[in-house]
Amino acid sequence: MSEGTARHVVTLVVNGVVREAAVPARRLLSDFLRHDLGLTGTHVGCEHGVCGACTVLLDGEPVRSCLTFAVTVDGHEVTTVEGLAEDGEPSPVQRGFTECHGLQCGFCTPGFLCTATAFLRDNPAPTDEEVLEAVAGNLCRCTGYQNILKAVHRAAEIQAETRGRPEPHGYGTLGGLADRGGRA
Amino acid sequence: MTTKLFGEPVQRREDARLVTGQGRYLDDLGPGALAAAFVRSPHAHARIRDIDVSAALDVEGLVAVYTWEDLPGALAEPLPLLIPHPALTHGRTAYPLAKDIVRHVGEPVVMVVAEDRYLAEDACALIEVEYEFLKPVVGVEEAAQGVHLVHEDVPGNVGAHMVQEVPSRDGRSAAEAIDAAPHLLEFRLDIERSACMPLEGKGVYARWDADDGSLRVYSSTQTSTSVRMAVAAKLGLPLPKVEVIAPDVGGGFGVKIVHPWPEEILVPWAARTLGREVKWTEDRREHFVSSAHERAQVQHVRVGFDDDGRVLGLDVTILHDHGAYTPYGIIVPIITSTQLLGPYKIGAYRVEFSSIYTNTVQVTPYRGAGRPQAVFCMERTLDRVAAYLGKDRTEVRAANFIRPDEFPYDQGLIFQDGRPLIYDSGNYPESLRMLKELIGWDSFPDMKARAAAEGRRIGIGVGCYVEGTGVGPYEGGHVQITSDGRVHVSTGLTSQGQGHETVFAQIAATELGVPIERVSVVTGDTRRFGYAVGTFASRAAVMSGNAIALACRKVREKALRIAADALEADPRDLEITDGIVHVAGTPSASIPLATVAVLSNPLRYAFDEEAKRATQFSGAASMDRPPVDEGEEPGLEGRDYYSPIRSTFASGMHAAIVETDPETAEIRILRYAVVHDCGKLINPMIVEGQIHGGVAQGVGGALYEKMVYDEHGQLLNASFMDFLMPYATEVPRIETAHLETPSPLNPLGIKGAGEAGVIPVSAVIASAVEDAEGITVDRMPISPSDLHTLRLRLAQ
Amino acid sequence: MKPPPFEYHAPVSVDEALAALAETGTHGKVLAGGQSLIPLLNMRLAAPSHLVDINRVGELDTIAAGPDGVRVGALARHAAVERSAEAAAALPLLRQALALVAHPVIRNRGTVVGSLVHADPSAEMPAVLALLGGSVRLARLGGEREVAAADFFTGPMESAAEPGELAVSAFFPAPPPRSGTAFHEVARRHGDYAVAGMAALVTLDEDLRIAAARVACVSVGPGPVVIDLSDACGRRPAASVAWDAVAAAVRDRIDPEGDIHATAVYRRHLTGVLAVRALKEAAGNAGTEAAHE
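Protein chains in written order, with the numbering used here: chain A, 12 to 195; chain B, 3 to 798; chain C, 654 to 946.
Set out below in structure tokens:
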């Protein structure tokens, strides 16, 4: 086997389900999710970390999956756009984007949805400034952002209506898996 | 409940799948397909001496390596010149893989196919191409001097040269009118390169079915029907054996109307050659250096005008940089030169353009397609006229407007569709009145004075445009109502995020009187509809929308005919509401469209309960007539086409208030107002969305985005780090107002809306910055550093 | 845009990491947050044959704030340092600067120490370390050394970290009492690398006159450019400083280059403007600090 092609078994909890695949160390998390696990909802727009389309939640926090190696996050928990719906119903953020025409081509949308989901979990009643800052790291070429800002506010409203008080989030590293480390 | 949905802000039907990750974009398809990657030229101009692929052959997972020499038949010929034009005397296109000479950084030289993209890139990195350097030609003015040539057989690097001249009503030429005018101004304007830059790059995925001898191609394209014809021609396949499907497309903005891209024929060819599925997904770096750019022009203006600011003569000479090749012809400079006149009637007009080759990425339409440059030219001109005369800028515009009673108004030019440029309708004075009210034009001087008292600099700007939309030749629609009462609509035209599934469903639901939930729409799939042109030029709603409406009307007429028979009523007394045909005023006398669909298709075999009602012993049919009447066809379906005599002309006016930092020269847009007239609105929510997106791209073009080439033809900012597309923090809130002047040209009275937002933004921002700073802005985009330079120049 | 292949090392302790780095020598590269390294790999602008991934080295995920300053471990993410109330209390400049580092999502992954080692002259954190006179602790198999900021940034994208060494932590010393800081920058877009930027530190004397003033400039040199402006400010209250002269002093001391985003002339001008703005704010913050004494 030539140098650098060794395969590493990577196990993630993706959207609540344990998923595993053996991949080279250089496999980007974005490609791992899309091509090794078949979760194509996470999109790849630039592969240098600027556009934010590939943003997923890693242990609950938004990160660029194109700037993360799958092997690095072996044992951790990942939420993708496919996992945002709650009990089969669209989440407040998904509803907000739909109601406010917060998407056009939809390519950047998964990144915005994941980013906004984590943001509203931590800040359920944000100001205009906070919403702007929260989504300012994601590029959209279609919408001009106005409806995206509106959608995040609307999602906050829906979240408040449907949940009353925000619940503490249920994310966290799965200790047993995460601590395994260094298996490569 | 009502089925009148036309004109309502109906929520998008695409969104349910797109917000849950269930969209299907090109790279989501074909798991396990082989991956293609390309060795692209690192040089702007060079002769290929040798290609050594031997080192790549050791890469595990390598499947195939192809160079130009491997290409058979028509594949080895240059790519098609899609839009020939008599003025394009020296049109040149690239080979799918470079033959002998590369003419821009990024031109594909070698195609590699491997088990996955990582391995394909590994192989690419090991392929050695030996080049002999040729002198790169960069910069349109240097190129126009013709000292060094991009193509040896194109003297002076001039691909096309075209002059259009419209004399004044009293027969003067532009030169005469300008010379005779009381006032004359002469100046130069510059617009830099930008690009569409959709978030999803291009991509192609092909499957060859050896048993069937057929090919299915998925492409992230704006025209699947034409890609299909191009693939069939290039691969020598019978057209019926090729299917092309545009899946969900992650934005296009023009770049994906060009076809066939090299990859669009190479990938299907490789799939057939290898008997394996092959996919190519363009990455961002490839998109920067091997797709297309737009905008770059140098304009020289001579204008003569009277004391009221009326333009008596206008002469514009344009140097248009079209890059290394001209696959899309000279559409962009044609549009610039013909749409330059905007909402104005000009005494005499002469426009001349030279379309010039440079060793840079080719130039093809980007949203607005030459209009942003045109509007920049005209509006900068009127601002200068106003400044010269000491008049309000809106007053000068009003003095030149075409009046509402002057439509249809013939500008005397030939438009991009080869047809006369005749405006169908519009109300420019009313637009301007609405805009001034929306932005607070008349009270701005007070606001400016108050800001100045606080040490702040603010300025206001304005820009007007007219946009020819809905160009021909045609689009079609097919509508079928099945026996379950569902309505299946298809059109060959593609979508790239505009919400066609929603607006076309609104049209069908309204025309047929059915709930929108029962309507499904398919676009851009040649299996469903084979005849189409494509999505560009703000034409989808106008062209396919009207075609679908006409097809629905055919189906409705047939449904009423069959229902009238069944209800023993006069078809003229029938209405359709909520999918049920009933006699007006007598709701009990009714029949569901589902049943009408059953009756429309007499059957022999009962495969389900509905079908049983249409079989030959069901007693439903008259014994006096054949089951299918003469002149009728089975089924409740219809197909129709819309082919307009010429384009319909939308219009709009924008205004902005900007603030410039006296110290840092940062430019901030405080307010942005849009008055927009695209005729009747199908879905105001979607139209607003189009405007927002267009303005954001316009802000990019005005303040942030440019493609920077060095003298070697290297693109210096081929990444999102340095090509500065605006984030949410850079785009102002956009205030909109709509004027609805219906188009008399089409049944729905609509005009296109897709490109509008982007068109006047550079002109508006330039106008506002100029107002804030008291300097002359003649080049866009403008950065803080540029503004600082202008300040220093003014201070000298 | 896929990274080239590399051998992957996944140490779970500093010792293991140092062993891996010793073994791989010049062929090894440390992977921490990856927010700068992975773009370079994806573009194949870097192709180390070994990557030593320290993301499992939990002992490096530390933020220790005390009266003398803040020591940040190699695995502390920007976001964690930004959120740390203790770090912000000890050294407000950390939060002031971190808010300007890229975007929140990048900060969730990127590390402070990583950005120091990356040594981008346009980055904020090197300027902070340089302004405060901090240091980076470099460990190698069998030893470690503490390198002062002034010696650490050796050139554009170049630091004193040598093959085999791991930057295990960085120390940001707290300024003396009655000090205030500020960070100002102008970026083309919010979150971009700065066209020019400025970290400022002002210390007042007991009469609230400026006793010491210093700035560290971003994007105008091969690394952060530290300029002592105590003399230029003079020992006087901020309100009566000849700020134009301060700006001129800053402009005299830098040698910026032009690029596609800004001319050298503009950068020089802007740096002067930002120095004054940052110093004024820092002086104001110092005044507030002094009032709390």
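For every residue, glycine included, the Cβ atom is placed at its ideal position computed from N, Cα and C. Note that the structure is a prediction, hence the values are computed from the model and not measured.
Assumed close pair residue i, residue j - CB separation to whole angstroms, cut-off 8 Å
i: B/ALA568; j: B/ILE593; result: 5 Å
i: A/HIS59; j: B/ARG286; result: 7 Å
i: A/CYS119; j: A/ASN158; result: Wrong, their Cβ atoms sit about 13 Å apart, outside the cutoff.
Beta-carbon neighbours of residue i, restricted to chain B and to distances below 9 Å
i: C/THR916; result: SER787, ASP788, HIS790 and THR791
i: C/TYR661; result: Correct list: empty, because the minimum Cβ distance to chain B is about 14 Å.
Exposure label - residue i; buried when at least 16 CB within 10 Å
i: B/ILE564; result: buried
i: C/GLU815; result: exposed
i: B/GLU265; result: buried
i: A/GLU140; result: exposed
i: C/PRO658; result: buried
i: B/LEU796; result: exposed
i: B/ASP60; result: exposed
i: B/ILE550; result: buried
i: C/GLY911; result: exposed
i: B/ARG399; result: buried
i: B/LEU241; result: exposed
Contact list for residue i against chain B, beta-carbon separation under 7 Å
i: A/PHE118; result: TYR27, LEU201, GLU202, GLY252 and GLY253
i: A/ASN158; result: GLY691 and HIS694
Contact set between residue i and chain A, taken where Cβ atoms lie within less than 7 Å
i: C/PRO851; result: The residue you asked about is not Pro; residue 851 of chain C is Met in the sequence shown. Near C/MET851 there are no residues of chain A at all, since even the closest Cβ is about 21 Å away, more than 7 Å.
i: C/ASN626; result: Limits of chain C in this structure are 654 at one end and 946 at the other, which puts residue 626 of chain C out of reach.
i: C/HIS843; result: ALA147
Residue range of the beta strand (DSSP E) that includes residue i
i: B/ARG49; result: 48-54
i: A/HIS46; result: Looking at the DSSP string, A/HIS46 is not in any beta strand (DSSP E), and its letter there is neither H nor E.
i: B/GLY640; result: 638-644
i: B/TRP210; result: 205-211
i: B/SER492; result: 489-493
i: B/MET113; result: 110-116
i: B/CYS466; result: 459-471
i: C/GLN749; result: No beta strand (DSSP E) contains C/GLN749, which is instead part of the alpha helix (DSSP H) from 745-751.
Whole-angstrom distance between residue j and residue i, CA atom to CA atom
i: B/ASP310; j: B/ILE688; result: 40 Å
i: A/LEU116; j: A/ALA17; result: Looking at the sequence shown, residue 116 of chain A is not Leu but Cys. Cα to Cα, the separation comes out at about 38 Å.
i: B/VAL300; j: B/ARG373; result: 14 Å
i: B/GLU737; j: B/GLU71; result: 56 Å
i: C/ARG760; j: A/VAL67; result: 14 Å
i: B/THR95; j: B/ALA37; result: 26 Å
i: B/PHE290; j: B/VAL229; result: 22 Å
i: B/GLY494; j: B/ARG530; result: 7 Å
i: B/GLU123; j: C/LYS655; result: 7 Å
i: C/PRO829; j: C/VAL879; result: 18 Å
i: A/ARG152; j: B/ALA698; result: 8 Å
i: B/ARG209; j: B/LEU191; result: 49 Å
i: B/GLN418; j: B/ILE336; result: 6 Å
Partners in chain B for residue i, counting only beta-carbon separations shorter than 8 Å
i: A/THR16; result: GLU62
i: A/PHE108; result: ASP17 and VAL21
i: C/VAL926; result: GLU665 and THR666
i: C/VAL839; result: THR666, GLU668 and PRO786
Interface residues of chain C facing residue i [CB-CB closer than 9 Å]
i: B/PRO262; result: Those do not exist, as B/PRO262 stays about 24 Å from chain C at its closest Cβ, beyond 9 Å.
i: A/THR126; result: PRO757 and VAL758
Neighbour list for residue i in chain C, Cβ cutoff strictly below 8 Å
i: A/THR79; result: GLY687, ILE691 and ARG762
i: A/GLY60; result: GLN688, ILE691, PRO692 and ILE759
Where the alpha helix (DSSP H) containing residue i begins and where it ends
i: B/TYR430; result: 430-441
i: C/ASP668; result: 667-677
i: B/VAL585; result: No alpha helix (DSSP H) holds B/VAL585; the beta strand (DSSP E) holding it covers 582-585.
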